[in-house]
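Chains as they are written, first to last, in the working numbering: chain A, 52 to 317; chain B, 52 to 317; chain C, 52 to 317; chain D, 52 to 317. As structure tokens, the structure follows; a few thoughts come after it.
The following block contains the structure:
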């Protein structure tokens with residue numbers, strides 16, 4: 052399991068959300084509060100959109116809590132849309148290629164959860180990835196495979212449908228390998244403009260998913276009711292800042308507005 | 052703060068003590084039970100005596116819990132005397148040079164604790180290190196400085212006296228910089244034959260220190276009453292396996308026998 | 052391209068061959084003499100057989116020339132059979148999982164060369180790997196895939212035949228993707244008792260492959276004419292110490308004796 | 052020895068200078084042309100000025116030539132003034148803290164060369180560092196010590212004088228330890244607005260130092276005769292783009308104009 056946060060709104064320094072919150076993502080790397088695994092020390096990553104079409108990507112295998120490069124970058128880089136993730140490996144090796152977020156062109160994906168029986172299912176799940184995308188598979192994780200399976204289902208044209216179809220096919224593969232391990236996910240996806248997030252599990256025990264408006268420097272600059280943060284858990288204790296996304300639902304963020312919709316695998 | 056374990060006895064594979072205990076050191080890297088900091092993920096190190104006069108030294112900056120090299124080495128290497136340490140940085144940077152154990156010729160030292168006001172005291176503490184040893188200072192940590200200060204006080208001829216004198220001088224330096232931060236240590240030292248361990252603090256709140264005989268493959272091969280393990284906390288729940296060293300005391304292990312003695316700075 | 056060396060003979064410290072030769076493997080990491088790429092700084096690995104059935108494996112992503120852990124291990128560990136490798140990536144990412152040697156149970160493989168058009172061929176080559184072995188694929192390199200394809204062809208029972216069949220199938224896959232990039236290999240394989248090495252390319256331009264008896268501490272202890280080293284290039288300038296394996300040939304080492312045989316893909 | 056480049060001029064993406072030149076710094080990490088050591092693979096670093104008073108700092112211990120984070124950052128980050136450095140260790144360990152550039156508040160320093168007899172001189176050179184700065188010494192390298200000695204000599208008020216005085220004192224210390232190893236440097240220093248560079252050695256064999264105007268996207272946007280690049284060696288083969296700084300001289304860059312002046316230790 053892992054922890055993640057996505058931001059979209061007025062330009063802020065990454066440190067505003069990643070370090071300066073009461074329960075910031077970086078503090079969650081050392082001690083998460085809503086996760087099955089307290090410590091998320093098996094690497095981290097950030098993806099941010101700047102002046103280019105494709106986002107920047109910075110991932111490393113050290114724990115986030117003591118990484119001086121991450122600290123400095125977060126103090127320098129401003130962005131209107133960024134993803135950040137701290138990892139607790141569920142079995143695959145600790146390498147930069149297995150760190151989230153995963154990127155393809157202007158698309159970025161990050162994930163908390165797992166595909167059950169991954170080592171048994173892996174090859175069949177990878178067979179869902181079309182050759183066009185398979186050449187860009189750089190790691191061995193279930194999360195990257197899920198992203199690429201969704202890309203192969205047409206994610207770039209139909210993000211929600213493609214994710215739904217990819218998960219549906221993964222569930223079929225899992226079913227052939229027994230049912231002792233569930234599929235679970237809270238995940239976020241973006242093309243650099245719109246963000247989609249998903250909360251789903253095969254056993255009605257999905258990891259948590261929130262959206263809200265924590266007390267960053269963006270808050271005062273945003274119009275009333277605008278949402279700028281989506282996260283695996285709240286980054287502060289002010290409950291009025293956060294809304295939980297229900298089990299089996301997705302979320303679409305665009306221009307500060309969020310819509311929540313039922314999300315089930317195809 | 053950190054966690055550590057020292058072994059001396061019949062040859063065992065390192066994994067026997069480092070991985071296969073109920074509360075092994077490696078599991079303590081992710082979740083220690085007796086430490087002020089639960090997570091000890093800022094690097095690790097092992098030093099082991101084999102067929103050469105000087106020990107082997109293997110240190111890395113990744114968390115111990117997922118390091119495949121450590122796992123493989125611990126499965127291959129047998130030793131009659133080894134030290135192992137998992138680190139939680141108290142401020143100095145995460146680099147191999149700051150990972151314990153520290154080695155000088157056939158001597159090895161590892162430490163849990165800290166010199167209070169380290170950044171204020173650092174230069175003066177380093178001035179305790181004689182030129183002969185200073186050229187081998189590879190890192191910037193308080194622990195390595197303490198070891199080298201003790202070497203400069205004649206550690207190789209008089210380990211307990213030199214450690215006592217070095218700590219005494221460090222306490223004097225600390226006193227000149229205020230008293231808001233204590234000196235605390237549980238530490239172990241060896242020349243490859245005898246092990247000394249120390250439990251001391253300036254505020255009567257020393258980190259824990261134990262010796263005993265956990266259920267390893269060495270246990271059956273050792274004579275009755277022989278001790279083979281010294282550790283910052285027990286590696287199993289069998290209380291009959293462990294003895295606590297009192298506050299302000301040292302321990303000398305030789306040939307399976309332990310003697311405990313009062314230890315105060317000179 | 053990469054550099055590698057395999058040793059089998061009387062127990063020696065690894066440093067004897069890896070560091071103390073005139074043109075040792077570690078010096079080749081900084082400046083190889085017979086390689087298309089001079090610098091082999093994209094990680095390294097060693098596998099050594101000790102007291103257990105399975106070998107130890109130590110791999111890291113830093114250049115070998117300055118790695119203190121490798122230096123210390125090589126000074127401590129004695130072995131009767133070990134493999135060592137320094138890597139120059141041909142495109143896949145620098146991670147421990149992509150470092151050679153690769154291990155499966157008691158088997159170890161390392162490789163210099165490449166599968167041409169790897170990113171185009173990768174998926175089809177991976178499809179040669181049977182499910183039994185695919186679950187152990189930890190990286191994304193062509194070299195590991197080739198090893199696993201050969202395992203799937205029955206490497207454990209018929210090493211030369213399986214390697215021949217695996218390469219034959221790889222060449223068929225490559226042919227379907229054009230012929231602008233060749234298949235090239237010099238590689239070594241062992242089960243812990245016997246060593247096989249292979250020199251082959253699809254364009255009659257195979258990387259070099261040598262066997263011999265360099266001036267290590269093993270030399271005096273070995274019977275006349277016994278060979279203890281197989282390498283991608285000689286580790287000293289004494290030509291009487293080395294024999295070149297011809298293009299399109301394999302080598303079998305057992306008990307100090309070497310036989311050379313024609314090697315072609317099935 | 053090491054390689055470095057400093058840029059100041061119109062905002063450019065870092066990749067423009069670091070990757071896209073004919074002989075870019077990153078290609079120099081694998082194969083430098085004007086350096087005593089061809090390979091500069093013992094880590095790298097960049098410091099860049101953006102929207103904050105203090106620069107960003109990104110340093111890592113892997114070779115620059117294959118680092119995906121550096122590649123991505125260089126593609127995203129634009130800056131009007133940045134330093135970049137690839138390291139070949141002259142003896143001190145490979146750690147982030149020993150990677151250049153070194154930063155203090157808004158000041159940044161990087162260095163090619165060495166203090167002769169460093170391990171003998173180290174302690175005395177460190178004694179040149181005033182307590183105010185010593186607390187920020189994070190590594191063990193001669194280069195960082197020289198920077199901090201110069202800070203202690205008043206670098207922030209009088210950069211050239213302080214550097215001259217610091218080097219003078221270092222030379223005195225070196226003289227007491229024999230003369231078999233020279234002092235050599237080509238170095239660059241900035242406060243974020245002005246750049247100073249220095250070329251000096253104790254044996255009239257200083258490392259090379261150039262300034263010029265290579266073919267980047269900045270060239271067309273700069274006024275005639277404006278200089279935007281200072282480097283340890285040219286990044287392209289167009290000799291009209293580059294001027295060599297003579298032995299024993301310094302350089303001051305401000306607003307696109309360069310002045311060269313004699314530089315000798317005090």
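Built from N, CA and C at the ideal position, the CB exists for glycine as well.
Could you compute how far the alpha carbon of residue i sits from the alpha carbon of residue j?
i	j	result
residue 112/C	residue 144/C	10 Å
residue 69/D	residue 267/D	10 Å
residue 154/B	residue 81/C	27 Å
residue 64/C	residue 271/C	15 Å
residue 262/A	residue 293/A	6 Å
residue 253/A	residue 223/A	11 Å
residue 234/C	residue 164/C	7 Å
residue 99/D	residue 117/C	28 Å
residue 160/C	residue 67/D	41 Å
residue 249/D	residue 147/D	24 Å
residue 150/B	residue 284/B	19 Å
residue 86/D	residue 77/D	14 Å
residue 320/D	residue 114/A	What is shown of chain D runs 52 to 317, which leaves residue 320/D out entirely.
residue 136/D	residue 276/D	26 Å
residue 219/B	residue 152/D	38 Å
residue 72/B	residue 269/B	13 Å
Applying the 10 Å Cβ sphere with the 16-neighbour rule, what's the burial state of residue i?
i	result
residue 59/B	buried
residue 204/D	buried
residue 280/A	buried
residue 313/D	exposed
residue 241/C	buried
residue 315/B	exposed
residue 173/C	buried
residue 103/A	exposed
residue 156/C	exposed
residue 207/B	exposed
Relative to the alpha-carbon of residue i, which residue among the options has its alpha-carbon at the smallest distance?
i	options	result
residue 230/D	269/D, 197/D, 166/D, 134/D	166/D
residue 101/B	127/B, 114/B, 82/B, 297/B	127/B
residue 290/C	74/C, 55/C, 62/C, 254/C	74/C
residue 243/C	305/C, 56/C, 273/C	305/C
residue 264/B	168/B, 257/B, 287/B	287/B
residue 93/A	85/A, 103/A, 105/A, 79/A	79/A
residue 197/C	217/C, 184/C, 77/C	217/C
residue 309/C	300/C, 278/C, 285/C, 295/C	278/C
residue 187/C	184/A, 186/A, 192/A	192/A
residue 141/C	90/C, 122/C, 84/C, 307/C	90/C
Can you give me the start and stop residues for the beta strand (DSSP E) that residue i sits inside?
i	result
residue 332/D	Not covered by the structure: residue 332/D. The range shown for chain D is 52 to 317.
residue 313/A	308-313
residue 62/C	53-64
residue 305/C	300-305
residue 261/B	261-263
residue 184/B	Premise fails: residue 184/B lies in the alpha helix (DSSP H), 182-185, not in any beta strand (DSSP E).
Span of the alpha helix (DSSP H) holding residue i?
i	result
residue 293/A	Here residue 293/A belongs to no alpha helix (DSSP H); instead the beta strand (DSSP E) covers 293-295.
residue 125/D	119-127
residue 224/A	210-226
residue 176/B	169-177
residue 197/A	193-203
CB-CB under 7 Å to residue i, same chain, minus the five flanking residues each way: which ones, in chain order?
i	result
residue 88/C	52, 139
residue 169/A	142, 193
Tell me which residues share the same chain as residue i and place their Cβ nearer than 6 Å to its Cβ, disregarding the 5 neighbours each side in the sequence.
i	result
residue 171/B	228
residue 57/A	134, 239, 246, 281
residue 295/C	261
residue 317/B	215, 216, 219
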